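The sequence shown begins at 49 in the numbering used here and counts up by one.
A short write-up of the structure that comes next.
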Amino acid sequence: MAFFDIEGYEPVWLSGLKRIRGAHGDRLGALVGKRLQRVHLTWFVEYREWLQDAPVVVDFGDERLEITHWKFDEVSLTWNTIDPYGKSAWDWGDPAEPSPLSWRQDIYPELSALEGQVLHDVELLEWVGRDMAGGMVAIGFVFPQGRFTVFNAMDENGIEFTEPDSSYRKHSLVG
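Take a look at the structure:
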């Protein structure tokens, strides 16, 4: 069964800057110069809230990056396996009592405001704080008129729209 019953999606968990950069650094860097189309988030219909455990799909048209954080320091970055347009709503869980889910793009006005902007930088943000999240890697997207970061919110995704905390060490992927 697929992760959250999202057709075609199977996360591949990595941790540590070196492993993440080695596996995805070039492809993430190649996103620079592309226009952001949309950011798709999974909406938990019954509770009327973002399901933060499910992937964040960052859509650049010809490339869709799927980001999911898990545990304290693991992240899955996959590419072009989720089609949020082809199946915009689905049921998850027990077939006798399904939980309806859907893809939404309008949850955060800050994300909507970035649509159509050209990506200037992708940052791997390494948490260097002396706590259980030490070594966690967040993904930052920098645009002319703003930014967002998908980070590990302790076993689920979180999104921020400000400059990263000083406990992050920035690793730019601009060539």
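Each residue gets a CB set at the ideal place from its N, CA and C atoms; glycine is no exception.
If you're wondering where the values come from, they're calculated on a predicted model, not measured in any experiment.
Kindly indicate which three-state DSSP category G73 falls into: helix, strand or coil?
helix
Would the region 96–111 and the region 201–211 be scored as touching if the rule is three or more Cβ pairs under 8 Å?
yes
As a quick exercise: from F51, R195, A144, P143, pick the residue whose alpha carbon is nearest that of E171.
R195
Which residue or residues does DSSP assign as beta-bridge partners of L190?
According to the sequence shown, residue 190 is Val rather than Leu. Note: V190 sits in a beta bridge opposite D169, R195.
Where does M49 fall in DSSP's three states?
Bear in mind that the predicted position of M49 carries a pLDDT of just 46, short of 50, making it unreliable; the figure below should be weighed with that in mind. Coil at M49, not helix or strand.
DSSP state of I54 mapped onto helix, strand, coil:
coil
Can you tell me which of I155, D139, L159 puts its alpha carbon nearest to the alpha carbon of Q193?
If you compare the alpha carbons of I155, D139, L159 with that of Q193, the shortest gap goes to L159.
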